[in-house]
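Count the sequence shown with our numbering and you get residues 21 to 174, in order. Beta carbons are placed, not taken as given, at the ideal position from N, Cα and C, and that holds for glycine. Given the structure is predicted, the values throughout are model-derived calculations rather than measurements. Structure record follows, encoded as C-alpha cells.
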Amino acid sequence: MPHVSLEYVIMVPILIVQVILVPVAAGWMMDAWVLRRRENELRDVASHMGTTIQQLYFSLNREEIVAGITTQIPEVPSSIEFFPYNITASSQKFENSTIIDLNLALKGTDITVMTRVTLGPNVLWQDSTFLSNSANACILVEKFSNGTLSFSFG
Numbered sequence: 021m022p023h024v025s026l027e028y029v030i031m032v033p034i035l036i037v038q039v040i041l042v043p044v045a046a047g048w049m050m051d052a053w054v055l056r057r058r059e060n061e062l063r064d065v066a067s068h069m070g071t072t073i074q075q076l077y078f079s080l081n082r083e084e085i086v087a088g089i090t091t092q093i094p095e096v097p098s099s100i101e102f103f104p105y106n107i108t109a110s111s112q113k114f115e116n117s118t119i120i121d122l123n124l125a126l127k128g129t130d131i132t133v134m135t136r137v138t139l140g141p142n143v144l145w146q147d148s149t150f151l152s153n154s155a156n157a158c159i160l161v162e163k164f165s166n167g168t169l170s171f172s173f174g
C-alpha cells in the first residue's frame, strides 16, 4: 500500500494546481487579450479620424472652394464594446505646417491612444471634444475668405 499513498502525495498537489492555477492563468490571458483588442479598435478609430481630417483639409484647401461651413460625420463606431470614447485635440504651428494631436480615451478603462495629423499652415484648431455617443458627433470646418480653415469637433 505504500504506492497508493505515494500517488496521493504526488497527484493531489497537481490536481490542486490544475483546479486553481489554470483558471487564474486563463483569466489573466483573457484580460490581456480583451485589453489589446479594445486598444487596437481605438487605434483604428484614431487612424480613421486622422485620415478624415486630412481628407477634409485636402478637399477644402483649394481656390475653387468658396468660404463656408462644412460638416462631416465620420464613419466611426459610437462605442467600442459598449464603452464610449472621447477625442480631444491640440495643435502646434510650425513654419509651413500645423500638426494636430488627436488623443482618444476609452471611457471606463485606462486605454488611451494618440495619433498625429499634419496639415498646412492655414489651419486653426478650435478646442473641442468629440463624444462618440453624442447625436451631434461630427467634424466642423469653416473656410474663411482668406483661405484659412478652422477645424473643430461638433
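- Taking 8 Å as the cut-off, the Cβ atoms of Phe164 and Ser148 do not count as close.
- Going by C-alpha positions, Glu27 is about 27 Å away from Ala46.
- Taking a contact to require three or more Cβ pairs closer than 8 Å, the region 91-98 and the region 33-50 do not qualify as touching.
- In the assembly as shown, Trp53 is an exposed residue. Its beta-carbon has fewer than 16 other beta-carbons within 10 Å.
- Three or more Cβ pairs closer than 8 Å define a contact, and the region 123-137 falls short of that threshold against the region 79-88.
- Here DSSP, grouped into helix, strand and coil, assigns Phe78 to helix.
- Counting every other CB atom within 10 Å of its CB across the protein chains shown gives Ala109 a total of 16 or more, marking it as buried.
- As the crow flies, the alpha-carbon of Gln74 is around 46 Å from that of Pro43.
- Taken through DSSP and simplified to helix, strand or coil, Val137 comes out as strand.
- Here Thr138 is exposed. Its C-beta has fewer than 16 other C-beta atoms within 10 Å.
- Per the C-alpha coordinates, the member of Val161, Ile40, Ser25 and Pro97 positioned closest to Asn106 is Pro97.
- At the C-beta level, Val143 and Phe114 stay beyond 8 Å of one another.
- Shortest Cα-Cα distance from Leu62 to any of Ser79, Gly140, Phe103 and Ser154 involves Phe103.
- Taking a 10 Å sphere around the C-beta of Val39, we find fewer than 16 other C-beta atoms and assign the residue as exposed.
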